[in-house]
Amino acid sequence: MAVHPTSKPRIVTSPRLGVRFTLEDGALVLYRPGGERFVPYVELRRQLERERQRAERLAQRLRELGVNPDEIE
-14 MAVHPTSKPR
-4 IVTSPRLGVR
6 FTLEDGALVL
16 YRPGGERFVP
26 YVELRRQLER
36 ERQRAERLAQ
46 RLRELGVNPD
56 EIE
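Counted the way my numbering counts, the sequence shown spans residues -14 to 58.
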């Protein structure tokens, strides 16, 4: 099914996937069939970086306490 931009529809739902595509403030936003918004890739990268930094801080703290985090299972 080809979707062509027009001035009328602001919401398109995929009949096969149930994914809803909307245009919000000029940006394409996708929603899961249950209504939950897909997290944009840029936000996922930010979350990943925050978690990586947190893990590194915790590993450093363990090293300061004399524990090698690479030896913990």
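Note that CB positions come from ideal geometry on N, CA and C, so glycine has one too. Predicted, not measured: the structure shown is a model, and the values here were computed from it.
Can you give me the start and stop residues for the beta strand (DSSP E) that residue i sits inside?
i: L13; result: A12 to Y16
i: R5; result: R5 to E9
i: V(-3); result: I(-4) to T(-2)
Just to confirm, are residue i and residue j a CB contact at a threshold of 8 Å?
i: R17; j: T7; result: no
i: L15; j: V4; result: yes
Entirely within the segment 15 to 42 and at least 4 residues each: give me those alpha helix (DSSP H) ranges in chain order.
-> Entirely contained in the segment 15 to 42, not one alpha helix (DSSP H) run reaches 4 residues.
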